[in-house]
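In my numbering, the protein residues as written are 2 to 499.
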């Protein structure tokens, strides 16, 4: 709903008064109208200008650093092409069904994640408690994601300035360590991400989030294609593409089939940012002209396109310049600057690459910020600008432990060993909130004690496009919950191995 609404009051004598009313809940206007025996016409809920805007914003929420940072090094560490095939399989059988559920919950309730259960759940049930956990999850993921997005901006500036030009492998690694050890730089770029994100979101849904994300995502896709075409012209492109796209069961056996399967399953699940209601809120901003299974497929295709093309950019370059493809998390920050140093026009290509990385990170930041704002507006009745101001200050404070965890607070290891606040916050979201949240959304939608299969099926299939079939009920009721429980158990096992 619009929380600062223009309305007209029509008394029984026909005289009209016009004014503005600031209210906290939808029923405030309804109760006022009933008491005064007057008709109240108020602004409808904000909505996207176009379906393209909805698709690009939803894809922007899913597309992030996990696609272009984690996916390539996971491929490198898990044997190449076989991992890619498994990833695509699990994306189809796990990711798309749960995204369809989130879309359905959002469109049916017309609420943010913190309020959707009140609109759909049976009276007296406790499903609504998950809404608060989902809201908390959005805050926690931004507590570390804003810092990582700040890294991307820093690397763009450094690459454009030529900071890495002429440095050897060891010196590039030292530059990365120096960046993390500088508290001023870490906090500054984190703050730029937070302030910029909430500034964009402070405008209307259409004028802020949708407009900026649309142009940013189109630019991101264009940059990716340019970089991929360039990488495929390099001398080691054939070897890199063979490693990346040709399944090799021998390499899969070396890594361990179980490890590769589990890695592909978790990557396919986490890449879509499911379990915190991010997809639910965006579907609540658009009409019922299209069935939701088809919309889920479209968003998943965009997300997969970015992940796959990122590999087309990275692996030909790695094989051309004899760089370890399975270098792990430092692949982006240490390995690739060395690649660009050896590449003709490397400074330009490096700057373009980190612009692309920054766009990918910022698209997720904007999407999650919008989810946070929607929850706060539903809970407290704040205007958009007030919610942005309060949350901007709050997020700057909440993000400090992660930004300072590599320098000023480096002596604190919240999970033991050499762990940082980033490790703790990432663990809470990735290993607990996302899988448990997805499981709860799933059970709520198929259980008779929740929303129920019939209601979900009717909502998901409203509109034109591919439909959810009734035979899928058994799969979504029994098989999918089992897979999420497996992911959850595998995610917490490392806690007991320390």
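From the three backbone atoms N, C-alpha and C, an ideal C-beta is built for every residue, glycine too.
I'd like to know whether the C-beta atoms of residue i and residue j end up nearer to each other than 8 angstroms.
i           : j           : result
residue 478 : residue 367 : no
residue 209 : residue 467 : no
residue 434 : residue 277 : yes
residue 190 : residue 176 : no
residue 500 : residue 252 : Lying before the first or after the last residue shown, residue 500 is absent from the chain, which here runs from 2 to 499.
residue 393 : residue 374 : no
residue 220 : residue 370 : no
residue 264 : residue 84  : yes
residue 97  : residue 400 : no
residue 341 : residue 157 : no
residue 138 : residue 438 : yes
residue 351 : residue 246 : no
residue 453 : residue 122 : no
residue 201 : residue 457 : no
residue 69  : residue 230 : no
residue 222 : residue 353 : no
residue 432 : residue 486 : no
Among the options, which one has its Cα closest to the Cα of residue i?
i           : options            : result
residue 345 : 167, 82, 73        : 167
residue 160 : 358, 127, 270, 239 : 358
residue 334 : 83, 170, 98        : 170
residue 197 : 397, 352, 306, 137 : 397
residue 280 : 440, 105, 172      : 105
residue 116 : 181, 180, 136      : 136
residue 95  : 275, 312, 494, 72  : 275
residue 233 : 311, 324, 426      : 311
residue 443 : 426, 473, 430, 420 : 473
residue 107 : 152, 376, 301      : 376
residue 76  : 256, 391, 303      : 256
residue 131 : 118, 206, 391      : 118
residue 127 : 154, 441, 413, 200 : 441
residue 568 : 154, 88, 254, 153  : Because the chain here runs from 2 to 499, residue 568 falls outside it and cannot be looked at.
residue 338 : 412, 496, 302, 172 : 172
residue 99  : 378, 481, 363, 488 : 481
residue 260 : 461, 449, 78       : 78
residue 205 : 92, 464, 385       : 385
residue 211 : 325, 364, 183      : 364
residue 305 : 272, 415, 140, 143 : 272
Mapping the DSSP letters down to three states, classify residue i as helix, strand or coil.
i           : result
residue 465 : strand
residue 131 : helix
residue 343 : helix
residue 400 : coil
residue 42  : Because residue 42 sits at a pLDDT of 37, beneath the cut-off of 50, its placement in the model cannot be relied upon, and the point is left open.
residue 79  : coil
residue 359 : helix
residue 413 : coil
residue 114 : coil
residue 474 : helix
residue 73  : helix
residue 322 : coil
residue 308 : helix
residue 120 : helix
residue 431 : helix
residue 30  : In this predicted model, residue 30 has a pLDDT of only 44, less than 50, meaning its place in the structure is not dependable; the value taken from the coordinates is given anyway. Reduced to three states, the DSSP call for residue 30 is helix.
residue 370 : helix
residue 451 : coil
residue 255 : helix
residue 457 : helix
If I follow the unbroken alpha helix (DSSP H) through residue i, where does it start and stop?
i           : result
residue 231 : 212 to 232
residue 289 : Element bounds for residue 289: n/a, residue is neither H nor E.
residue 110 : 97 to 110
residue 260 : 258 to 271
residue 488 : 481 to 497
residue 239 : 238 to 246
residue 436 : 435 to 447
residue 424 : 422 to 428
residue 505 : The structure shown does not extend to residue 505, since the chain is modelled only from 2 to 499, so the question has no answer here.
residue 94  : It is not in any alpha helix (DSSP H) - residue 94 carries neither H nor E in the DSSP assignment.
residue 180 : 170 to 182
Check the Cβ-Cβ distances between residue i and every residue of chain C, and say whether any is below 8 angstroms.
i           : result
residue 133 : As a matter of chain content, chain C is missing from the structure shown, which is built from one protein chain.
For residue i, is the beta carbon positioned less than 7 angstroms from some heavy atom of the ligand FMN?
i           : result
residue 218 : No copy of the ligand FMN occurs in the structure displayed, which carries no ligand at all.
(message) Measuring CB atoms only, is the region 110 to 128 touching the region 288 to 307, in the sense that at least three cross pairs come out at less than 8 angstroms?
(response) The region 110 to 128 is not in contact with the region 288 to 307.
(message) Using 8 angstroms as the cut-off, can you tell me whether the region 403 to 415 makes contact with the region 145 to 158, which would need three or more C-beta pairs spanning the two stretches below that distance?
(response) Yes: the two stretches touch, three or more of their Cβ pairs being nearer than 8 angstroms.
(message) Pairs of beta-carbons, one from the region 238 to 254 and one from the region 304 to 317, closer than 8 angstroms: are there three or more?
(response) A contact between stretches requires three or more CB pairs, one per stretch, nearer than 8 angstroms, and the region 238 to 254 meets this requirement with the region 304 to 317.
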